[in-house]
Amino acid sequence: MAKLRLKEKWTEQTKAAIDGVSTAKAAERCGVHYTTAFRCQHRFLVSLASDRPWAMTGVVEGDETFVVESFSGKRSKMPPKRGGKSAKRGLSAEQIPVIVASDRDGCTTDAVLPRLDRVYIAAALGGVVTPANRFCCDGGNAIVAIARKAGIPTHILPVPGKPNPQAPDCHIDNVNAYHDRLKEWLRRFHGVTTKNSPKYLEWRLTLEAMGQAASSTAMIRGAVGLEPYRQKTR
96 MAKLRLKEKW TEQTKAAIDG VSTAKAAERC GVHYTTAFRC QHRFLVSLAS DRPWAMTGVV
156 EGDETFVVES FSGKRSKMPP KRGGKSAKRG LSAEQIPVIV ASDRDGCTTD AVLPRLDRVY
216 IAAALGGVVT PANRFCCDGG NAIVAIARKA GIPTHILPVP GKPNPQAPDC HIDNVNAYHD
276 RLKEWLRRFH GVTTKNSPKY LEWRLTLEAM GQAASSTAMI RGAVGLEPYR QKTR
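This is the structure we're talking about:
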């Protein structure tokens, strides 16, 4: 937060963050220029990235999803594009892979992956999901491989998204529900760039963790490292 000016605007800025409004709307609400609102918003989001769980307990659900990338503001040979829907059906370079893992106590972590492969999934979940957990997933080759290599007891769903009747507690319903909420929330921003997507993911997790207790005071204290943003997602 060093050298971030307009402290009198911080309360309104954090209220805009809690409401999940776009940078343009935050600037309007705070009475500041767009670039000022953008700088303030992203400075607050920096602290979110370091507030991650050390480890998870019990049954852990893991699954990947994809969010549409925005190419707005990028210099490239690609045609101008402003998020929302992918121009191509199915998976494509226009979509950003995201891995999410959550235990039944509501402890959740996520990560944007450069590629959906073993190396990057292992980097995201290594040490957080351990052999002390029971890991539930839908059988993706990469995620199963890293779980088994780490010696983590793994339960693969017989049908993606549907639990085995003989093991009803082994499902990924919570993670899939989070995917849906995340994508619905991201729509208001009309897509985010790969560079900024980790901050938006942490932003969303923080709002879920704070729940009804979300306040400007809590967010400002968290931004300067005086208390954690994230407790338990609800």
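Mapping to this note's numbering: the sequence shown position 76 is 171, numbers consecutive. All C-beta atoms, glycine included, are put in the ideal place defined by N, C-alpha and C.
So, using beta-carbon positions, are residue i and residue j closer together than 8 Å?
i: residue 154; j: residue 100; result: no
i: residue 223; j: residue 204; result: yes
i: residue 194; j: residue 220; result: yes
i: residue 318; j: residue 96; result: yes
i: residue 244; j: residue 137; result: no
i: residue 314; j: residue 119; result: no
i: residue 109; j: residue 139; result: yes
i: residue 213; j: residue 237; result: yes
i: residue 271; j: residue 197; result: no
i: residue 228; j: residue 151; result: yes
Which whole-angstrom value describes the C-beta separation of residue i and residue j, a residue pair presumed to lie in contact below a C-beta threshold of 8 Å?
i: residue 292; j: residue 207; result: 5 Å
i: residue 241; j: residue 216; result: 5 Å
i: residue 122; j: residue 128; result: 6 Å
i: residue 246; j: residue 226; result: 5 Å
i: residue 126; j: residue 283; result: About 21 Å; that fails the 8 Å criterion.
i: residue 265; j: residue 250; result: 4 Å
Which one or two residues does DSSP pair with residue i in a beta bridge?
i: residue 202; result: Paired residue(s): none; residue 202 is not in a bridge.
i: residue 154; result: 229
i: residue 192; result: 161
i: residue 287; result: 164
i: residue 197; result: 156 and 203
i: residue 221; result: 224
Any contact between the stretch 231-241 and the stretch 148-161? By contact I mean 3 or more CB pairs, one from each, below 8 Å. yes
Mind pulling the beta strand (DSSP E) runs of 3 or more residues that sit fully within the stretch 99-133? none
At 4 residues or longer, and completely inside the stretch 235-280: list those alpha helix (DSSP H) runs for me, N to C. 236-244
To test your reading of the DSSP string, which unbroken alpha helix (DSSP H) runs of 4 or more residues are found completely within the stretch 298-324? 311-318
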